[in-house]
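J.: One line per chain: the protein sequences are Y and V, in this order.
Residue 49 is where the first sequence starts when you use the numbering used here, and the numbers rise one by one after that.
Residue 49 is where the second sequence starts when you use the numbering used here, and the numbers rise one by one after that.
Cβ atoms here follow ideal geometry from the backbone N, Cα and C, with glycine treated the same way.
Computed from a predicted structure; not experimentally measured.
2 protein chains.
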Amino acid sequence: MEKTNKDGWKLDRSEPGPGLKIFRSRLDYMRNPRNGKTEAMIVLEGADAANIVAVTPDGHIVFVRQYRFGIGADTLELPGGAVDAGEPQADAAMRELAEETGYTAPEWRLLGGIYSNPVFMSSYIFHWLALNAEPTLPQRLDDGEAVEVVLLHEADVWNKLIAGEFQHPHTVNALLRYFADGGRFRADG
Amino acid sequence: MEKTNKDGWKLDRSEPGPGLKIFRSRLDYMRNPRNGKTEAMIVLEGADAANIVAVTPDGHIVFVRQYRFGIGADTLELPGGAVDAGEPQADAAMRELAEETGYTAPEWRLLGGIYSNPVFMSSYIFHWLALNAEPTLPQRLDDGEAVEVVLLHEADVWNKLIAGEFQHPHTVNALLRYFADGGRFRADG
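1. Whole angstroms are fine: how far does the CA of residue 217 (chain Y) sit from the CA of residue 196 (chain V)?
2. Using a Cβ cut-off of 7 angstroms, which residues of the stretch 102 to 130 of chain Y contact any Cβ in chain V, in chain order?
3. Using a Cβ-Cβ cutoff of 7 angstroms, what residues of the stretch 80 to 93 of chain Y are near chain V? List them in chain order.
4. How about the stretch 91 to 103 of chain Y and the stretch 177 to 191 of chain Y: do they share at least three Cβ pairs that are nearer than 8 angstroms?
5. Whole angstroms are fine: how far does the CA of residue 230 (chain V) sit from the CA of residue 209 (chain V)?
6. On a Cα-Cα basis, can you pick out the residue from V:182, V:199, V:188 and V:159 that is closest to residue 221 (chain V)?
7. What does residue 188 (chain Y) pair with, by DSSP beta-bridge criteria?
8. Mind checking residue 161 (chain Y): buried by the 16 CB within 10 Å criterion, or exposed?
9. Contact criterion: CB-CB distance below 8 angstroms. Does residue 215 (chain Y) meet it with respect to chain V?
10. Could you tell me which chain Y residues have their CB closer than 7 angstroms to the CB of residue 66 (chain V), listed as they occur along the chain?
11. Where does the unbroken beta strand (DSSP E) through residue 106 (chain Y) begin, and where does it stop?
12. Tell me where the alpha helix (DSSP H) around residue 11 (chain Y) begins and ends.
13. For residue 76 (chain Y), which of helix, strand or coil comes out of DSSP?
14. What's the gap between the Cα of residue 116 (chain V) and the Cα of residue 89 (chain Y)?
15. Decide if the stretch 120 to 127 of chain V is in contact with the stretch 69 to 87 of chain V; the criterion is three or more beta carbon pairs, one per stretch, under 8 angstroms apart.
16. Taking Cβ-Cβ distances below 9 angstroms as the criterion, which residues of the stretch 140 to 166 of chain V are in contact with chain Y?
17. Whose C-beta lies closer than 6 angstroms to the C-beta of residue 170 (chain V) among residues of the same chain, with five residues either side of it excluded?
18. Using a Cβ cut-off of 9 angstroms, pull out every chain V residue sitting near residue 100 (chain Y), in sequence order please.
19. Residues of chain V with CB closer than 8 angstroms to the CB of residue 58 (chain Y), please, in chain order.
20. Does DSSP classify residue 175 (chain Y) as helix, strand or coil?
21. Count the other C-beta atoms from every protein chain shown that fall within 10 angstroms of the C-beta of residue 225 (chain V), then say buried if there are 16 or more, exposed otherwise.
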């Protein structure tokens with residue numbers, strides 16, 4: 049198989065790398081169109097994911113505070129998680145919101161999405177909007193999760209967003225899509 | 049060594065995982081304060097990185113278009129790259145801008161930063177502002193790079209940002225910091 053693209057990179061060969069629990073790693077030996085040299089590029093293959101901007105009837109957004117193992121500290125993030133194999137991704141968004149927070153919502157809409165990290169990951173993150181979200185269920189957490197639900201008023205979320213306080217890039221992008229969707233920004237092209 | 053945190057997660061033990069070219073992997077066996085169960089968490093240790101909002105005297109921002117191996121497609125991103133071992137991170141920003149684009153700038157300032165992905169990565173991305181950037185040097189690319197320089201007027205960048213066109217989360221966050229820094233958003237708390 050030969051994979052090409054408009055810049056002319058060519059895949060010489062691909063081989064599986066070591067497994068990493070939530071990722072399969074792969075080495076793609078890519079021939080550079082600029083100099084003809086082939087170099088091994090690491091790619092982590094993982095599931096796509098969803099995160100959710102869930103808004104309550106009184107204008108609060110549902111966040112989760114949890115310990116993140118990559119940085120060894122707590123973060124305040126939007127709820128979300130990986131799409132299971134074969135699962136429609138809208139179902140994944142509803143399931144992750146319910147499991148992590150106990151909130152459900154009658155009205156769902158896709159806000160957009162972004163690559164998790166195009167440099168070395170294949171995953172895509174879908175951003176969902178859930179309107180009129182209410183706590184209707186108990187949390188159902190995995191063995192490796194401990195999640196505190198935090199409600200923030202939309203005005204506080206806006207202020208934290210523009211102050212740079214959210215430290216998870218996918219949360220930042222979903223909130224940007226949420227406020228853009230709400231007409232908070234105007235194009236001035 | 050015992051690492052603790054306010055949620056009470058405890059590190060039972062840590063072991064090195066397989067190497068991945070640009071990452072060292074590690075497994076942290078973490079005891080969950082909620083249920084006392086220990087689970088192995090994958091952490092990728094990599095260098096911190098810098099990306100740069102470089103603005104020309106006539107209001108253009110310097111972007112790079114390049115093939116990204118994770119997604120098998122081109123992206124339009126801010127220039128940037130990893131901080132070398134022992135390198136001051138301001139130097140890394142200047143070096144990466146010069147190497148990838150040939151642009152240099154007389155005026156530099158930190159705009160903020162974000163974790164690369166707090167879930168499983170330790171790296172932090174610093175966002176730098178470079179003012180009065182001009183093309184003064186030839187590109188100097190690594191063997192594994194082929195990079196096209198693209199200038200976009202700031203107004204176009206704003207429109208693309210709010211339209212959700214940038215598909216690299218660290219580029220989105222740096223641009224958000226740039227426009228917030230420029231007073232484009234007002235707090236309404």
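T.: On the basis of the coordinates in this document:
1. Rounded to whole angstroms, residue 196 (chain V) to residue 217 (chain Y) spans 25 angstroms at the Cα level.
2. Of all residues in the stretch 102 to 130 of chain Y, 115, 116, 117, 118, 119, 120, 121, 122 and 123 have a Cβ within less than 7 angstroms of some Cβ in chain V.
3. Of all residues in the stretch 80 to 93 of chain Y, 80, 81, 82, 83, 85, 87, 88, 89, 90 and 91 have a Cβ within less than 7 angstroms of some Cβ in chain V.
4. The count of Cβ pairs closer than 8 angstroms, one atom from the stretch 91 to 103 of chain Y and one from the stretch 177 to 191 of chain Y, reaches three, so the stretches are in contact.
5. The C-alpha of residue 230 (chain V) is placed about 15 angstroms away from the C-alpha of residue 209 (chain V).
6. Answer by Cα proximity: V:159.
7. In DSSP, residue 188 (chain Y) forms no bridge with anything.
8. Buried.
9. Chain V contact via Cβ: present.
10. Chain Y residues near residue 66 (chain V): 66.
11. If you look at residue 106 (chain Y), you'll find it isn't in any beta strand (DSSP E); DSSP assigns it neither H nor E.
12. The displayed coordinates of chain Y run from 49 to 237. Any statement about residue 11 (chain Y) would go beyond what the structure contains.
13. Three-state result, residue 76 (chain Y): strand.
14. Looking at the two C-alpha atoms, the distance is approximately 10 angstroms.
15. Short answer: they don't touch.
16. Within the stretch 140 to 166 of chain V, the residues whose Cβ lies closer than 9 angstroms to some Cβ of chain Y are 159, 160, 161, 162, 163, 164, 165 and 166, listed in chain order.
17. Result list for residue 170 (chain V): 93, in chain order.
18. Chain V residues near residue 100 (chain Y): none, gap ~16 angstroms exceeds 9 angstroms.
19. None at all; the shortest Cβ gap to chain V is about 10 angstroms.
20. Reduced to three states, the DSSP call for residue 175 (chain Y) is strand.
21. So residue 225 (chain V) ends up on the buried side.
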